[in-house]
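Asks: For reference, the structure I am asking about is given below.
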Amino acid sequence: MDFRSEVLRTLRNRRETHSLEQAFYTDPDLYKLDLQEIWYKDWLFIGHDCEIPKAGNYFTVQIGDYPVVITRDRQGAIHALHNACRHRGSRVCTQAKGASARLVCPYHNWTYELDGKLMFARQMGEDFDKSAHGLKPVACETIAGYIFISLAAEPLDFAPVRDMVTSYLAPHNLKDTKVAFESTIVEKGNWKLVWENNRECYHCASNHPELCRTYPEAPSATGVQGAKDDPVISEHWSRCEASGLPSEFRIDATGQFRVARMPLIQDAESYTMSGARAVKRRLSDAVPQSHIGTLLMFHYPSTWNHVLADHAITFRVLPLGPELTQVTTKWLVHKDAVEGVDYNLEELTHVWTETNDQDRQIVEENAFGIRSPAYEPGPYSPEHEGGVMQFVEWYTNFMQERLTGVRAPLV
Ligand code: 3BY
Ligand code: FES
Ligand code: FE
Numbered sequence: 001m002d003f004r005s006e007v008l009r010t011l012r013n014r015r016e017t018h019s020l021e022q023a024f025y026t027d028p029d030l031y032k033l034d035l036q037e038i039w040y041k042d043w044l045f046i047g048h049d050c051e052i053p054k055a056g057n058y059f060t061v062q063i064g065d066y067p068v069v070i071t072r073d074r075q076g077a078i079h080a081l082h083n084a085c086r087h088r089g090s091r092v093c094t095q096a097k098g099a100s101a102r103l104v105c106p107y108h109n110w111t112y113e114l115d116g117k118l119m120f121a122r123q124m125g126e127d128f129d130k131s132a133h134g135l136k137p138v139a140c141e142t143i144a145g146y147i148f149i150s151l152a153a154e155p156l157d158f159a160p161v162r163d164m165v166t167s168y169l170a171p172h173n174l175k176d177t178k179v180a181f182e183s184t185i186v187e188k189g190n191w192k193l194v195w196e197n198n199r200e201c202y203h204c205a206s207n208h209p210e211l212c213r214t215y216p217e218a219p220s221a222t223g224v225q226g227a228k229d230d231p232v233i234s235e236h237w238s239r240c241e242a243s244g245l246p247s248e249f250r251i252d253a254t255g256q257f258r259v260a261r262m263p264l265i266q267d268a269e270s271y272t273m274s275g276a277r278a279v280k281r282r283l284s285d286a287v288p289q290s291h292i293g294t295l296l297m298f299h300y301p302s303t304w305n306h307v308l309a310d311h312a313i314t315f316r317v318l319p320l321g322p323e324l325t326q327v328t329t330k331w332l333v334h335k336d337a338v339e340g341v342d343y344n345l346e347e348l349t350h351v352w353t354e355t356n357d358q359d360r361q362i363v364e365e366n367a368f369g370i371r372s373p374a375y376e377p378g379p380y381s382p383e384h385e386g387g388v389m390q391f392v393e394w395y396t397n398f399m400q401e402r403l404t405g406v407r408a409p410l411v
């Protein structure tokens, strides 16, 4: 039996209420399959438009084997380009971010416009066709301050994401923000373990003392069930919706992305140790009050987010290896907020810096145990880990669909 059929058989036979077989978290061939079928095909959040505010600004990102550069051109348009020179393939932009009027390959100085067009290539002969040697484009979409790319030759339809997510994010005016702080950590565990951990708060009380001061442990907040029936949450929705903020729980039919606005504990305003706001200048004047809790948005496989009244925290997940995952966190504040005047950086970043490090340790210990030959899939808590089951189900359905070419029935 070939490898793909073997994977399909394992997925079909899995116990739905249990974690996955060891190989899904450790095996290099399964990791390659994840890259090929998910990371190289689906839409991925990679950064914010506020990170490239001016013409010539760019940042780079690495998705598996693909180096990509994101630029802003002189007309203000954002482009995603394969960061591999069309001469002999060298990486053109070598820095994480920068500003440049043109993209110049460091090897033999082929020079590209910000939209990827080849402008200049020295001594290539009379019949050389510059127009056939531009940097290859990568599909790119922006919604409400978020940039998504797809490496697929024929990208999946982005409209469902745009349609559901835009109205939730738009009032927060994330286009007019700046990154007050950014952290990148590398977790020694498969990317799916990072997600499984994120999708439950069963671990919160014993692992996240700082976060638990403001974030509710209830599965109705983190998971995908029970929010409607929770009176505190529905009262919060009514209050926020009445002031024009879309808030109710919504999830895509495939389970790939969801939005919902959740109240914080005792009406805290922000993720600080006291619960008070961390930034005096609010994100948006269109949001009249501060007690709006946190707007939660996830999009598998690359991002989860918290948008508050005073700042937003965005998370980007990228796979680095079968047992290695990069998590980049950005704290966005209003572009005119001044450090030391409107906010104190330590106060702004403390809770999630600690929480991220705690989650990193959790994921790494989880990976350690799963590596043991004695590991076997264990049961999820029906009460607390519905969100984890939902993630694993999305993964399983998506992979089955990819491996068979047949869309799994929606539940
Ligand atoms: O970041 C999150 O949304 C999740 C929710 C609960 C725990 N974890 C930190
Ligand atoms: Fe880029 Fe030669 S490889 S100019
Ligand atoms: Fe956690």
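Quick note, the sequence shown lines up with residues 1 to 411 if you use my numbering.
Glycine included, every Cβ here is placed at the ideal spot set by N, Cα and C.
If you count every other CB in all the chains shown that lies within 10 Å of the CB of K228, and 16 or more means buried, which is it?
Replies: So K228 counts as exposed.
Asks: Using a Cβ-based criterion (distance less than 7 Å to any ligand heavy atom), does G125 qualify as near the ligand GDP?
Replies: Absence of the ligand GDP is noted for the structure shown, with the ligand 3BY, the ligand FES and the ligand FE being the only ligands found.
Asks: For the stretch 61–134, list the beta strand (DSSP E) runs that are entirely contained and at least 3 residues long, ordered along the chain.
Replies: Whole beta strand (DSSP E) segments, 3+ residues: 66–72, 78–82, 97–99, 118–120.
Asks: How close, in whole Å, do the beta carbons of K330 and V179 come, if the pair is a contact with beta carbons under 8 Å?
Replies: With a Cβ gap of about 5 Å, K330 and V179 count as contacting.
Asks: I believe F249 touches R258 by the beta-carbon criterion, under 8 Å. Please report the beta-carbon distance rounded to the nearest angstrom.
Replies: Confirmed, about 7 Å.
Asks: Can you list every residue whose CB sits closer than 7 Å to some heavy atom of the ligand FES, going in chain order?
Replies: Result: C85, H87, R88, G89, S90, V92, C105, Y107, H108, N109, W110.
Asks: Less than 6 Å between C-beta atoms, sequence neighbours within five positions excluded: which residues of the same chain meet that for V407?
Replies: According to the sequence shown, residue 407 is Arg rather than Val. These residues qualify, in order along the chain: E401.
Asks: Taking DSSP as the reference, what is the three-state secondary structure of W304?
Replies: Correct three-state label for W304: strand.
Asks: Between the Cα of H208 and those of V351, V7, F128, F3, spot the shortest distance and give me the residue it belongs to.
Replies: Among V351, V7, F128, F3, the Cα nearest to that of H208 is on V351.
Asks: Please report the residue range of the beta strand (DSSP E) in which D183 lies.
Replies: Note on identity: in this sequence residue 183 is Ser, with Asp being the wrong assignment. Run containing S183: 177–187, per the beta strand (DSSP E) assignment.
Asks: Hey, would you say the C-beta of C240 is under 7 Å away from at least one heavy atom of the ligand FE?
Replies: Result no, Cβ not under 7 Å from the ligand FE.
Asks: Residues in its own chain within less than 7 Å of L193 by CB, not counting five upstream and five downstream?
Replies: Here the set comprises Y25, V363, N366, A367.
Asks: Can you give the Cα-Cα distance for Q361 and D129, rounded to whole angstroms?
Replies: So the alpha carbons of these two residues sit roughly 53 Å apart.
Asks: Counting along the chain, where does the alpha helix (DSSP H) carrying W352 start and finish?
Replies: W352 -> alpha helix (DSSP H) spans 345–371.
Asks: Between T184 and Q326, what straight-line distance do the alpha-carbon atoms span, to the nearest angstrom?
Replies: Their backbone Cα atoms lie some 7 Å apart in a straight line.
Asks: Below 8 Å, can you find three or more Cβ-Cβ pairs linking the stretch 149–167 to the stretch 39–50?
Replies: Because the criterion of three Cβ pairs below 8 Å is met, the stretch 149–167 and the stretch 39–50 touch.
Asks: Near S284, which residues of its chain fall below 7 Å by C-beta distance, leaving aside the five closest residues on each side in sequence?
Replies: Within the same chain, S284 has close Cβ partners P171, H172, N173.
Asks: Comparing C-alpha positions only, which one of Q75, S290, E385, T17 sits nearest to L114?
Replies: Ranking the options by Cα distance to L114, first place goes to Q75.
Asks: Could you tell me the distance, in whole angstroms, from the CA atom of P292 to the CA atom of T404?
Replies: First, the amino acid is wrong: residue 292 is Ile here, not Pro. Computed Cα separation, rounded: 44 Å.
Asks: For Q326, name the three-state secondary structure that DSSP assigns.
Replies: Residue state, collapsed to three classes: strand.
Asks: Going by DSSP, what residue range makes up the alpha helix (DSSP H) through S234?
Replies: Its alpha helix (DSSP H) spans residues 231–242.
Asks: Looking at the ligand FE, does it come within less than 7 Å of H306, judged from the CB to the closest heavy atom?
Replies: Not so, every heavy atom of the ligand FE lies at least 7 Å from the Cβ.
Asks: Tell me, please, which residues DSSP counts as bridged to R316.
Replies: Beta-bridge pairing links R316 to T303, T328.
Asks: Whole angstroms is fine: what's the gap from E182's alpha carbon to L348's?
Replies: For E182 and L348, the distance between alpha carbons rounds to 12 Å.
Asks: According to DSSP, which residues form a beta bridge with L295?
Replies: For L295, which the question treats as bridged, DSSP gives the partners R261, V307.
Asks: Could you spell out where the beta strand (DSSP E) holding G223 opens and where it closes?
Replies: Taken as a continuous stretch (DSSP letters only), G223 belongs to no beta strand (DSSP E), as it is neither H nor E.
Asks: Determine the extent of the beta strand (DSSP E) in which S290 is found, giving its start and end residues.
Replies: S290 -> no beta strand (DSSP E), and no H or E assigned at all.
Asks: With distances taken from CA atoms, which of H203, S381, R122, G116 is nearest V138?
Replies: Taking only the C-alpha atoms, the option nearest V138 is G116.
Asks: Is the distance from the Cβ of I143 to the Cβ of I78 below 8 Å?
Replies: Their beta carbons are not under 8 Å apart, which means I143 does not touch I78 by this criterion.
Asks: So is P28 buried or exposed if we call it buried at 16+ other beta carbons inside 10 Å?
Replies: With fewer than 16 Cβ atoms within 10 Å of its Cβ, P28 is classed as exposed.
Asks: In whole angstroms, what is the alpha-carbon distance linking R213 and C85?
Replies: R213 and C85: Cα-Cα distance of roughly 50 Å.
Asks: Short check: CB of I38 to CB of F398, under 8 Å?
Replies: Taking 8 Å as the Cβ cut-off, I38 and F398 qualify as a contacting pair.
Asks: When the Cα atoms are used, what is the spatial distance from P160 to A253?
Replies: Rounded to whole angstroms, P160 to A253 spans 10 Å at the Cα level.
Asks: According to DSSP, is H172 part of a helix, a strand, or is it coil?
Replies: If DSSP states are grouped into helix, strand and coil, H172 belongs with the helices.
Asks: Buried or exposed, going by whether 16 or more other CB atoms sit within 10 Å of the CB of M164?
Replies: Classification for M164: buried.
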